[in-house]
Amino acid sequence: MPSLQNGIYRIMSCASSSQPSGDRQLFVGIDSKQRHGQRSGHIKEGTPIVLVQKQKMVKVELQNIGGDNYRLYFANNEASGMNLGCDKNNLQDNNKVFVTKEEVEWAIDQGSHSKSYHVQVRESGMYWTVPKNAKENTQLKLEQLQGEEGQEWEFERIERED
């Protein structure tokens, strides 16, 4: 499977696409409760990365930095200059994924299906995870790989909408 190309993507949770309703696909987004009242301002550092419906999803820019290692930036104007990140020096106590100015290296490798991927903090063994029955506003956490749907992610490349 070829690695992902540089570009702008929407990222979808495979856990949500396997639910009986089928059309309740959930995407990577930014916690709207934290954004409220900041419509004109920028997203704050530390804002949780959560699952959202398609109309609230955020565009994520992938930049390959060698092999299967990437940096993930927000392509939305209100979050420009911000990255998808974590507390990489304290993953045991703070295993959440959130908005940060710090650049975090993510390893993105082939998942269980041809179009799905696992995303881990590089060389940590800690992967993006949501529960099997994840609902909207569930925050992404970092956990050891367990081979569950909640650790599978689809990256759909989209064109720039400038």
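Note that the sequence shown covers residues 53 to 214 in our numbering.
Each residue gets a CB set at the ideal place from its N, CA and C atoms; glycine is no exception.
Keep in mind it's a predicted model, so treat the numbers as computed, not measured.
Starting from the C-beta of residue i, find all residues in its chain whose C-beta is less than 6 Å away, skip the five residues before and the five after it, and write them out in chain order.
i, result
"Pro-183", "Gly-202"
"Asn-147", "Lys-193, Leu-194"
"Ser-55", "Asp-120"
"Ala-67", "Val-182, Lys-184, Ala-186, Glu-201, Gly-202"
"Trp-180", "Val-171, Leu-192"
Among the candidates the options, whose CA atom is the shortest distance from the CA of residue i?
i, options, result
"Gln-144", "Asn-129, Lys-193, Glu-97", "Lys-193"
"Leu-124", "Asn-58, Gly-199, Glu-188", "Asn-58"
"Lys-140", "Met-134, Gly-177, Gln-107, Met-64", "Gly-177"
"Asn-189", "Thr-99, Ile-95, Ser-55", "Thr-99"
"Val-102", "Asn-128, Met-134, Met-64", "Met-64"
"Gly-118", "Tyr-169, Gln-162, Glu-157", "Glu-157"
"Glu-150", "Leu-78, Ile-82, Ala-67, Phe-207", "Contrary to the premise, residue 150 reads as Phe rather than Glu in this sequence. Minimum Cα distance to Phe-150 is reached at Ile-82."
"Gln-162", "Lys-108, Asn-142, Leu-197", "Leu-197"
"Lys-108", "Asn-129, Met-134, Asn-116, Val-80", "Val-80"
Using 8 Å for Cβ pairs, my map puts residue i next to residue j. What's the rounded Cβ distance?
i, j, result
"Arg-174", "Asn-121", "6 Å"
"Ala-159", "Gln-172", "5 Å"
"Lys-167", "Glu-97", "Between Glu-97 and Lys-167 the Cβ distance is about 32 Å, and since that is not below 8 Å, they are no contact."
"Leu-78", "Gln-105", "7 Å"
"Ile-95", "Ala-131", "4 Å"
Using C-beta distances below 8 Å, list every residue in its chain close to residue i, excluding the 5 sequence neighbours before and after it, in chain order.
i, result
"Ser-164", "Gly-199, Glu-204"
With a threshold of 8 Å, establish whether the CB of residue i neighbours any heavy atom of the ligand HEM.
i, result
"Leu-192", "Within the structure as shown, the ligand HEM is missing, as the structure has no ligands at all."
Leaving out five residues before and five after residue i in sequence, what residues of the same chain have Cβ atoms less than 7 Å from its Cβ?
i, result
"Arg-212", "The predicted position of Arg-212 is uncertain, since its pLDDT is 46 and thus under 50; a value taken from the coordinates is nonetheless stated next. If we look at Arg-212 and ignore the five residues flanking it on each side, its Cβ neighbours are Ile-60."
"Ile-210", "Ile-60, Tyr-61, Arg-62, Lys-111"
"Tyr-169", "Ile-160, Asp-161, Gln-162, Gly-163, Trp-205, Phe-207"
- Message: Extract the residue ranges of the beta strand (DSSP E) inside the stretch 76 to 122, only unbroken runs of 3 or more that lie entirely within it.
- Response: Counting whole runs of 3 or more residues, the stretch 76 to 122 contains the beta strand (DSSP E) stretches 79 to 82, 101 to 104, 112 to 116.
- Taking three-plus beta-carbon pairs below 8 Å as touching, is the stretch 105 to 122 in contact with the stretch 59 to 67? They touch, by the three-pair rule.
- Item | Segments assigned beta strand (DSSP E), at least 3 residues, entirely inside the stretch 120 to 181 | Taken in chain order, the complete beta strand (DSSP E) segments of 3 or more residues contained in the stretch 120 to 181 are 121 to 126, 135 to 137, 150 to 152, 158 to 162, 168 to 173, 178 to 181.
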